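> In the numbering used here, the protein residues as written are 48 to 114.
1) Would you call the stretch 80–88 in contact with the stretch 102–112, where contact means no fewer than 3 C-beta pairs closer than 8 Å?
2) Could you give the uninterrupted runs of the alpha helix (DSSP H) lying entirely in the stretch 55–110, keeping only those of 4 residues or more?
3) Excluding the five sequence neighbours on either side, which residues of its own chain have a C-beta within less than 8 Å of the C-beta of residue 70, listed in chain order?
4) Could you check how far apart the C-beta atoms of residue 62 and residue 96 are, in whole angstroms? I think they sit under 8 Å.
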């Protein structure tokens, strides 16, 4: 089970890193609504993957404490 969690953790880390690299800080105040909206969408996906990664790490750490 722990191996599957580790694989999941790695995949989500890659997704988070990729989406974060697509997000552009300079566009957070863009007046071009489509550019701004897409950038916010990408940033939101990166945030969500990072949140998932944090939860998985906490869960794995909890498993290590109980075994």
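For glycine and all other residues, C-beta sits at the position ideal for the given N, C-alpha and C.
Computed from a prediction, not measured in an experiment: that's the story for all the values here.
Looking at the atomic coordinates:
1) Not touching, per the Cβ criterion.
2) You should have found no qualifying run.
3) Here the set comprises 86, 89, 90 and 93.
4) Contact holds; Cβ gap of about 5 Å.
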